[in-house]
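Note that this note's numbering numbers the sequence shown so that position 125 is 572, with each residue one more than the last.
Data first, discussion second: the structure below is written as structure tokens.
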Amino acid sequence: MAWFSGRNSPDDDASTTDPAFGWESRGFIASAIVVGAVVVCVVVWLVAGGGGNNPTAQPPASPDTVEPTEQPTSQPTGPPATPGEPTTRPTPPPVNTGTGGCKNKTPDLRIPRAAPPAVSWQFETDMLIPLQAQGGPASTDATGLRSCFAHSPTGAVLAAMVTLGQIRNPDLTESVLRSRIAPGVGRTRALSEVRSSPTPRNSGETSQFTGFKVIDYLPDRAIVSIAVRLDAQKVASLPVTLLWSGGDWKLVLQPDGSFNGEVAPDVLQSLEGYVRFGGA
């Protein structure tokens, strides 16, 4: 099963009149393999149709009725929230800490099979991102850029979600590319693209994180699949590669400046195999 792509298949004819597919015109998808489009819609993740208006496609199961197989939580890890209103439980970790995140000397190195505990979900523009005192982020600079994640599988999951959420904030996009993305050809191209085409503010439907799966983990590299709820019926997954570099997890961009290159997006039929993890 493929993961992501900037290319359309013959069945990828999502209606441009459907609000849930406002970003999915053929022109947009054709340009989505370059970083300008990826940065704009990094959490929409180029879901070109996914069978939504294809009469022969089977409708995907609702994420609200499907339980993962790996010790799921029965409810999201934070209280329901409305964009613009901060969550209140549990107490958020401090903005900067000398013991958590990348400063944690004894992180839990087990692959997480259940949602990380004691997580506070906070809004980054219109998307909820997870904060945990133990796993990170343990550092926030004056602009709001978050960093310093635990050198562990859970730390990699948190780093992926927080970075993907913050890169959508037009006030932070360039800072995220400079500080939270691993150096390479992809980052160089991304920085060039975002300078010439600044990230617009999102005014459409808001996607939210809903789960994760650690695909592979080594001390210097992690591959995490992040599940995102696009609407009440659709969940898409994005594989993210991270490198442990400079004492923190950094996300990797492909040479074309995108996260996925030419790999097709995966619209999930269920959350089977994923750990349910989301703030809304």
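Even for Gly, the Cβ is constructed at its ideal location relative to N, Cα and C.
Asked: Reduced DSSP category for R636 - H, G, I as helix; E, B as strand; rest coil; Found: helix
Asked: Residue nearest to T572 in terms of C-alpha spacing, selected from V609, N551, S717; Found: V609
Asked: Rounded distance between the beta-carbons of V661 and P559, thought under 8 Å; Found: 7 Å
Asked: Buried versus exposed, by CB contacts within 10 Å (16 or more), A727; Found: buried
Asked: Those residues which DSSP pairs with G737 across a bridge; Found: Outside the displayed span of the chain (448 to 727) sits residue 737, for which this structure offers no information.
Asked: G602, DSSP secondary structure in three states; Found: helix
Asked: Candidates T653, V699, T635, S586, of which the one nearest G547 by Cα; Found: S586
Asked: Endpoints, alpha helix (DSSP H) assigned at L624; Found: 620-626
Asked: Through-space distance from L677 to T590, alpha-carbon basis; Found: 28 Å
Asked: For V641, the nearest candidate out of L685, T657, L619, S654 (CA to CA); Found: L619
Asked: Bridge partner(s) assigned by DSSP for E571; Found: M574
Asked: Sub-8 Å separation of A683 and D713 beta-carbons; Found: yes
Asked: Q655 in three-state terms, based on DSSP; Found: strand
Asked: Buried versus exposed, by CB contacts within 10 Å (16 or more), T657; Found: buried
Asked: Alpha carbon of L698 to alpha carbon of L690, nearest angstrom; Found: 6 Å
Asked: Identified DSSP bridge partners for K681; Found: Answer by DSSP bridge pairing: none, since K681 is not bridged.
Asked: Rounded separation between L592 and Q680 - CA only; Found: 32 Å
Asked: Short Cβ contact (8 Å threshold) for N551 with Q581; Found: yes
Asked: Per-residue burial, P564 [other beta carbons within 10 Å of its own, 16 or more giving buried]; Found: exposed
Asked: Beta-carbon gap between G612 and C595 smaller than 8 Å; Found: no
Asked: For G725, three-class secondary structure by DSSP; Found: coil
Asked: Buried or exposed (CB count within 10 angstroms, at least 16 for buried), P506; Found: Summary for P506: the model assigns pLDDT 38, below 50, so the residue's position carries little reliability; its value from the coordinates is reported in the next sentence. By the 10 Å Cβ count, P506 comes out exposed.
Asked: F659 versus V566, G720, R557, G545, residue with shortest Cα-Cα distance; Found: G720
Asked: Cβ neighbour criterion (16 or more within 10 Å) applied to V632; Found: exposed
Asked: C-alpha distance - T601 paired with P554, whole-angstrom precision; Found: 9 Å
Asked: S509 versus A674 - alpha carbon distance; Found: Per-residue confidence for S509 stands at a pLDDT of 41, beneath the threshold of 50, marking its modelled position as unreliable; the derived number appears in the next sentence. Roughly 13 Å separates the two Cα atoms.
Asked: Distance CB(P541)-CB(S567) smaller than 8 Å; Found: no
Asked: Close-in-space but distant-in-sequence residues of the same chain around I670 (CB under 8 Å, 5 per side omitted); Found: V661, I662, D663, Y664, P686, V687, T688, L689
Asked: Residue of P577, L556, S599 minimising C-alpha distance to R723; Found: P577
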